[in-house]
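Last residue of the sequence shown: 468 (the numbering used here), numbering continuous. Glycine residues also receive a C-beta, built at the ideal position from the N, C-alpha and C atoms. Before any comments, here is the structure.
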Amino acid sequence: DERKCRTRHSFANVFLGLGAIAWSVPVVAIQALSTAESLSRIPFFNWLLASGGGRYTAFINGYLPVVALLCMILLLPIIFEQVAVRYENIKTKSGVERSILSRYFYYQVANIYITVTAGSIWDSLADILNHPSSVLNVLGRSLPAVVGYFISLLVTKILAGLPMVLLRVGAVSRLLFLRTIYSQVKLTQRELDEVYRPQVLLYGWEYPTQLLVIMICFTYACISPIILPVGALYFGMAMIVYKKQVLYVYTPAYESGGALFPVVLNRTLMGLICAQLTLIGYTMIRQGHYQPLSLLPLPIITVWMMGHFRENYADTSEKLSMERAIELDKRFRRIEPVTSDSDLTLLQDVTHEFTNEAYRQPVLTEGTMYPLPYRYGIVDSITTEVDGVLKDETRRYYRAMADSIDSNDSVGGYSDQNTSAICVQ
44 DERKCRTRHS
54 FANVFLGLGA
64 IAWSVPVVAI
74 QALSTAESLS
84 RIPFFNWLLA
94 SGGGRYTAFI
104 NGYLPVVALL
114 CMILLLPIIF
124 EQVAVRYENI
134 KTKSGVERSI
144 LSRYFYYQVA
154 NIYITVTAGS
164 IWDSLADILN
174 HPSSVLNVLG
184 RSLPAVVGYF
194 ISLLVTKILA
204 GLPMVLLRVG
214 AVSRLLFLRT
224 IYSQVKLTQR
234 ELDEVYRPQV
244 LLYGWEYPTQ
254 LLVIMICFTY
264 ACISPIILPV
274 GALYFGMAMI
284 VYKKQVLYVY
294 TPAYESGGAL
304 FPVVLNRTLM
314 GLICAQLTLI
324 GYTMIRQGHY
334 QPLSLLPLPI
344 ITVWMMGHFR
354 ENYADTSEKL
364 SMERAIELDK
374 RFRRIEPVTS
384 DSDLTLLQDV
394 THEFTNEAYR
404 QPVLTEGTMY
414 PLPYRYGIVD
424 SITTEVDGVL
434 KDETRRYYRA
444 MADSIDSNDS
454 VGGYSDQNTS
464 AICVQ
């Protein structure tokens with residue numbers, strides 16, 4: 044029921060919020076272990092420190108923590124999807140993607156502003172609790188120190204992340220594995236369709252990745268503008284990659300009418316607010332007096348714009364517009380001439396008969412399911428025989444239903460104006 048679903052949703056949010064607080068623990072551990080010094084302690088890896096005159100050491104210390112963090116972040120959508128489907132019992136695919144998107148975004152924010160920048164969320168909370176007015180100073184002091192880390196992150200996404208999206212290594216590996224262990228001759232057509240199933244765009248996975256990059260660019264646009272060319276290069280390459288994938292690779296599995304766009308816009312503006320507050324804190328620690336006062340209206344204006352967009356665009360997009368309602372009325376009407384007693388020709392709107400199955404689950408209104416042939420385009424005798432038997436049984440079923448309704452109507456026990464709707468195929 045709806046109340047139980049809301050309760051589970053609240054519990055899931057609480058536990059995942061606690062997980063965001065504890066998220067700093069595995070991240071800090073991975074960053075501490077993903078160094079050349081730590082790897083050299085593993086047997087047969089002690090050559091890392093001595094070979095290349097230290098060049099390998101600098102490369103590993105610069106990029107291995109980034110790659111390890113990206114790999115660990117990839118586990119988050121899987122966890123969020125299982126929570127949404129198995130615990131919260133969200134029924135629609137768009138609802139699951141929306142849940143993943145929202146929670147993934149908040150973990151990305153925690154990843155940038157708490158875990159990576161401050162080293163540990165507990166240190167940041169201790170500073171803020173002891174000096175509540177120092178929250179902006181904490182952000183302004185810690186963020187500029189790690190700009191090199193985020194530039195490495197964006198470079199890694201450009202050189203490794205986008206090519207992985209373009210190559211679709213996961214889908215290719217799955218296809219090669221299935222074709223290796225199964226004989227195509229022994230598979231049915233439905234099993235082959237599952238092997239060669241169309242790929243869908245997972246919005247809950249892809250949107251937060253773009254939001255992470257744009258949030259990094261927002262944050263460092265004024266503090267360290269050197270990151271802007273790297274961010275522009277990423278989005279230029281991402282536009283080419285994702286445009287090609289959306290047009291030629293991904294197949295939509297559902298149509299939600301753009302329901303996720305208001306969510307993405309809202310999260311983008313939230314990232315802009317965090318960047319504005321960080322910039323205010325940065326000017327404060329730089330002993331600026333007039334700059335923080337001049338920047339203070341920016342987050343207020345952004346919050347007001349969020350409310351303006353929600354009220355004028357997001358909320359109204361969830362309702363059917365008047366123009367769309369008129370268009371649907373015209374589409375489902377036919378105009379017929381009617382002659383009155385005074386021999387005047389009038390126009391009367393005669394609407395189509397209302398379908399009793401309009402609000403039923405589609406799976407309950409589907410017709411008879413017929414078996415697929417062994418292969419598309421090939422007619423085999425077994426499939427033809429089964430089709431004939433099913434058609435005969437379907438005709439017999441509809442005749443029995445029609446006879447039952449006619450007998451009930453004749454004795455006055457049942458009447459239905461839509462008896463004729465039950466017909467023999």
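- Here Lys200 is buried: its Cβ has 16 or more other Cβ atoms, across all protein chains shown, within 10 Å.
- For the pair Met258 and Ile155, the CB atoms are nearer than the 8 Å cut-off.
- In this structure, Leu254 lies away from Val289, with their beta-carbon atoms at least 8 Å apart.
- The residue from Ser137, Tyr419 and Trp347 with its alpha-carbon nearest to that of Gly300 is Ser137.
- Taking a 10 Å sphere around the C-beta of Ile103, we find 16 or more other C-beta atoms and assign the residue as buried.
- Cβ neighbours of Thr294 within its own chain (closer than 7 Å, five residues either side excluded): Pro241, Gln242 and Val243.
- For Thr231, same chain residues with a beta-carbon under 8 Å away, outside a window of 5 residues either side, are Leu415 and Tyr417 in chain order.
- Under the three-state reduction of DSSP output, Arg418 falls in the strand class.
- In the DSSP assignment, Asp236 falls within the unbroken alpha helix (DSSP H) covering Gln232 to Val238.
- With fewer than 16 other Cβ atoms inside 10 Å of its own Cβ, Met444 counts as exposed.
- Per DSSP, His52 is one residue of the alpha helix (DSSP H) stretching across Glu45 to Ala65.
- Spanning the alpha carbons of Tyr440 and Val139 requires a straight line of approximately 39 Å.
- In the three-state reduction of the DSSP assignment, Met207 falls in the helix class, which pools H, G and I.
- In the three-state DSSP reduction, Cys265 falls in the coil class, being neither helix nor strand.
- The straight-line gap separating the alpha-carbon atoms of Leu119 and Tyr147 is approximately 7 Å.
- Close CB contacts of Asn132 within its chain, under the 8 Å cut and outside five residues either way in sequence, are with Cys48 and Arg51 (chain order).
- By a beta-carbon distance limit of 8 Å, Val189 does not contact Val273. Their separation comes to about 15 Å.
- Pairing Met115 with Glu436, the inter-Cα distance amounts to about 55 Å.
- Note that the region 319-328 does not touch the region 278-289; fewer than 3 beta-carbon pairs, one per stretch, sit closer than 8 Å.
- In the three-state scheme derived from DSSP, where H, G and I count as helix and E and B as strand, Leu113 is classed as helix.
- The beta carbon of Leu271 lies closer than 7 Å to those of Cys260 and Ala264 in the same chain, with the five residues before and after it left out.
- Counting along the chain, the unbroken alpha helix (DSSP H) around Gly138 starts and ends at Lys136 to Ala153.
- The beta carbons of Leu320 and Pro335 sit about 10 Å from each other, so the pair does not count as a contact at 8 Å.
- Classified as buried, Phe123 has 16 or more neighbouring CB atoms from the shown chains inside 10 Å of its CB.
- Distance from the CA atom of Thr408 to the CA atom of Tyr192, rounded to whole angstroms, is 56 Å.
- For Leu197, the uninterrupted alpha helix (DSSP H) segment begins and ends at Val190 to Thr199.
- When the five nearest sequence neighbours on each side are left out, the beta carbons in the same chain lying within less than 8 Å of the beta carbon of Thr345 are those of Leu312, Leu315, Ile316 and Gln319, in order along the chain.
- Each of Met280, Ser337, Ala281 and Tyr356 was checked against the Cα of Leu308, and the nearest Cα belongs to Tyr356.
- By the CB criterion at 8 Å, Ile143 and Trp248 fall inside the cutoff.
- Taken in chain order, the complete beta strand (DSSP E) segments of 3 residues or longer contained in the region 300-386 are 376-382.
- A straight-line Cα-Cα distance of about 17 Å links Leu339 and Met349.
- Taken through DSSP and simplified to helix, strand or coil, Tyr285 comes out as helix.
- No Cβ-Cβ contact shorter than 8 Å links Leu205 with Ala153.
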